[in-house]
Amino acid sequence: MTSVKTQQSRNDDGLAAVVPATAPPQVVKRRRKPLTWDKVSFFAVFLGLPLAIYLLFVIWPFVQAFGYSLTDWSGFSPTQNFIGLENYTKIFTDDIFMKAMGNNILLVIFLPIITIILSLVLASLVTVGGSSKGQIKGLRNSSFYRVVSFFPYTIPAIAIGIMWGQIYDPSGGLLNGILTGLGFDQFKDFAWLGDRNTAMIATMFVIVWGFVGFYMVLFVAGIKGIPAELFEAARIDGAGRFRTAVSITIPLIRDNIQTAYIYMGILALDAFVYMAALNSGGGPDNSTLVMAQQLFFTAFSKGQFGLASAMGVVLAVATLIFSGLVFLVNRLTGGDKDVSL
Amino acid sequence: MTTKVSTPEMKSLHFQPRTPGTTTGDKVVGAVSHTALTIWTLIVILPLLWTFMSSFKTSSEIFASPFALPGEWKLDNYIKAWSEAGIGSAFLNSVLVVAVALVIVMVLGAMCAYVLARYTFRGSRAIYYLMLAGLTFPIFLAMVPLFFVLRNMGLLNTLPGLILVYVGFALPFTVFFLFSFFKSLPHEITEAAALDGAGEWRTFFQVMLPMAKPGLASVAIFNFLGLWNQFLIPVSINAAGPRVLSQELAAFAGQMGYAVDYGALFAAVSVTVIPVLIVYVIFQRQLQGSVSQGTSK
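Chains A and B are the protein sequences, given in the same order.
One gets my numbering by counting positions in the first sequence from 1 and adding 815 to each.
One gets my numbering by counting positions in the second sequence from 1 and adding 156 to each.
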């Protein structure tokens, strides 16, 4: 069967070559071939199978969540009544959920900025921190720093959380051990995660610790993609290292930065694992409670699935708004022009 | 990287008169850079080393001093964590689930990406955007309905159910990255394969898939890390099923409040961390390369 088809296409090609003038314009690339069993089965399996799993386990639940969010369904009750937007009004008048949302907003503002600045600095040091003469090159042993910095990304988030929970431990933890060892005796038995002023900062540091290495590797790859001539030209024009980083490196890896910003923002809007591991109850005065924790609790402990779905929708909308804002800011500040090299 | 034209000698000759004394400047910058990077390296490594060291201590030793070396380098904590705390069986469950899900998602994802990238048909763009949508929505939104989808299918709290969900949620990322990869492969090769009489199936498995190996490797690495680290999906839909590693670890840490055995907890964390870390160190060269491939597009 295939050989017949091949024969056919070969004839077509020959024909097109001999009499190009009479051939229809679209013939050359996209020729309509007769449907063969080979082709039908190919499409059914290659497209149908993945799509079926994807639709059933990903898209369908997403769609259902919007529907559930408009009901008072408690999961195990047979009936679910349509109650309109009542769940949403309940959410937005719920002090605890609003507190959680505030914490998420705090995370979204600070986490991406801190992570990206830190990883950009480290990536710049690694790639262009070397000699200002001769070839543009990185530091000596730079790959060692890169490999080690990536370590945290290979560790499951829950393990990171548990590990840092122990490091922050008031009496037996590494941090207070180091601080008291250095003479800061006021930190003896200080509960970093138990004090409402430090719990959030301590938690943020853990997340930053987990992701800086990954984005550093991403940015190093981006910086290495910049032609060395550009750095050399900047140097000849008398630009120093800092100037080069601000005026050459950052504009040229802008797309990478945008991607990093969006990923970190999405993570900050979730942050469930870290919060659950470090302060599963939401922290002192709910100072580290996030929306995802509240959703999880509402759904799987309280069984209020309608309400929990509404929380999920709020979370999704927040994510979309955030991504949209990042795109918009990048576009407004001329993002696309700069990268088209 | 390889397109540098100027030789170092020429440049230094050229630069010497204009910027005298850069060597000391270089040294300062180099020293500062090394210091900053070393500090960060320590911040990364010290917690890991401390965890590893503490995994050999007894609880009372841990409380006595955070820095003191363990009195004896015994494996008691590891044995306790592995068998009594169930980390061992959870570890094997994780390996099983992630391995099976990874194979399935790589095959299905490659097939789907290939079809979307190499054939234009009605709705192909729509399917592509549907995949992209799955990347942006928070997993959280899907958890509640997913719970009931699985319950209705009788797959709730089972490893096959977990595998299928893993496949579903890893699919968009896989398709998204392999899409651009397949798109970049030359069209002539498919045509040559067709001329040689290969059908669609054979063209894919014997010609295109081997060519996509570098792309597949990098996506597989990231999928592995993503699935291995997955926490939310198992605690939501596999809460009462055979636990995977991240779940067991959380459960173990959660009951710590009652039965304090910090040594075993550190051992459990070490068991989770070390194998992947070793694999990473072995394959890190490939990974660095794959990141640059993924981003240079």
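Cβ coordinates follow ideal geometry from the N, Cα and C atoms, glycine included.
For this session: Determine, using beta carbons only, whether Asn1175 (chain A) comes closer than 9 Å to chain B.
Result: Limits of chain A in this structure are 816 at one end and 1156 at the other, which puts residue 1175 (chain A) out of reach.
Exercise. In three-state terms, what does DSSP make of Thr886 (chain A)?
Worked result: strand
For this session: State the CB to CB distance for the pair Leu885 (chain A) and Gly899 (chain A), rounded to an integer number of angstroms; the pair is presumed to be in contact (CB under 8 Å).
Result: 6 Å
Exercise. Residues of chain A with a CB under 7 Å from the CB of Thr428 (chain B): which are they?
Worked result: Pro971 and Ala974
Problem set entry | Asp1004 (chain A), buried or exposed, once every other Cβ within 10 Å from all chains shown has been counted against 16 | Exposed: under 16 other Cβ atoms inside 10 Å.
Exercise. For Phe277 (chain B), which three-state DSSP category applies?
Worked result: coil
For this session: With 8 Å as the C-beta to C-beta threshold (strictly closer), list the residues of the region 238–266 of chain B near chain A in chain order.
Result: Leu264 and Gly265
Exercise. Taking one C-beta from the region 251–258 of chain B and one from the region 374–381 of chain B each time, how about it: are there three or more such pairs within less than 8 Å?
Worked result: yes
Exercise. Quick one: is Pro226 (chain B) near chain A, going by C-beta distance under 9 Å?
Worked result: no
Problem set entry | Within chain A, partners of Glu344 (chain B) - CB distance below 9 Å | The premise fails here: Glu344 (chain B) is roughly 12 Å from chain A at the closest Cβ pair, so nothing lies under 9 Å.
Exercise. For Gly897 (chain A), which of helix, strand or coil comes out of DSSP?
Worked result: Note on identity: in this sequence residue 897 (chain A) is Phe, with Gly being the wrong assignment. Strand at Phe897 (chain A).
Exercise. Between the region 381–394 of chain B and the region 306–322 of chain B, do three or more beta carbon pairs fall short of 8 Å?
Worked result: yes
Problem set entry | Amino acids of chain A, ordered along the chain, whose beta-carbon sits closer than 7 Å to that of Phe219 (chain B) | Ser986 and Gly987
Problem set entry | Short Cβ contact (9 Å threshold) for Tyr1089 (chain A) with Ala972 (chain A) | yes
For this session: Please list the residues of the region 872–883 of chain A that have a C-beta atom closer than 9 Å to any C-beta atom in chain B, keeping them in chain order.
Result: Taken in chain order, the members of the region 872–883 of chain A whose beta-carbon sits within less than 9 Å of a beta-carbon on chain B are Phe872, Val873, Ile874, Trp875, Pro876, Phe877, Val878, Gln879, Ala880, Phe881, Gly882 and Tyr883.
For this session: Within its chain, find whatever has a CB closer than 7 Å to the CB of Leu1147 (chain A); leave out the 5 residues flanking it on each side and keep chain order.
Result: none
Exercise. Taking the C-alpha atoms as reference points, what is the distance between Pro865 (chain A) and Thr1064 (chain A)?
Worked result: A direct Cα-Cα distance of roughly 40 Å separates Pro865 (chain A) from Thr1064 (chain A).
Problem set entry | Beta carbon proximity, Thr214 (chain B) to chain A, threshold 9 Å | no
For this session: Report the neighbours of Met978 (chain A) on chain B: residues whose CB is nearer than 9 Å to its CB, in chain order.
Result: Pro203, Leu204, Trp206, Thr207, Phe422, Val425 and Val429
For this session: With DSSP as the reference, label Lys905 (chain A) as helix, strand or coil.
Result: helix
Problem set entry | C-alpha distance - Lys213 (chain B) paired with Arg307 (chain B), whole-angstrom precision | In this model, Lys213 (chain B) and Arg307 (chain B) are separated by some 43 Å (Cα to Cα).
Problem set entry | Presumed contact (8 Å Cβ cut-off) between Tyr968 (chain A) and Phe872 (chain A), rounded CB distance | The Cβ separation is near 26 Å, so there is no contact.
For this session: Check whether the Cβ atoms of Ser934 (chain A) and Phe1020 (chain A) lie closer than 9 Å to each other.
Result: A distance of 9 Å or more separates the beta carbons of Ser934 (chain A) and Phe1020 (chain A).
Exercise. For Val860 (chain A), does the three-state DSSP call read helix, strand or coil?
Worked result: DSSP places Val860 (chain A) in helix when its eight states are reduced to three.
Problem set entry | Residues near Pro985 (chain A) by beta carbon distance below 8 Å, same chain, minus five either side | Closer than 8 Å at the Cβ level, and outside the excluded window around Pro985 (chain A), lie Asn991, Asp1004, Phe1005, Ala1006, Trp1007 and Gly1009.
Exercise. Where are the alpha helix (DSSP H) runs, 4 residues long or more, that stay fully inside the region 1046–1109 of chain A, in chain order?
Worked result: 1056–1059, 1069–1085 and 1087–1093
Exercise. Excluding five sequence neighbours on each side, which residues of the same chain lie with their C-beta closer than 6 Å to the C-beta of Ser402 (chain B)?
Worked result: Phe387
Problem set entry | CB contact check: Val843 (chain A) to chain B, cutoff 9 Å | Here Val843 (chain A) scores only 46 on pLDDT, less than 50, and its place in the model should not be relied on; the value that follows carries that caveat. No, Val843 (chain A) lies away from the interface with chain B (no Cβ there is under 9 Å from its Cβ).
Exercise. Roughly how many angstroms lie between the CA atoms of Trp357 (chain B) and Leu365 (chain B), to the nearest whole one?
Worked result: If I take the Cα positions, the gap works out to 11 Å.
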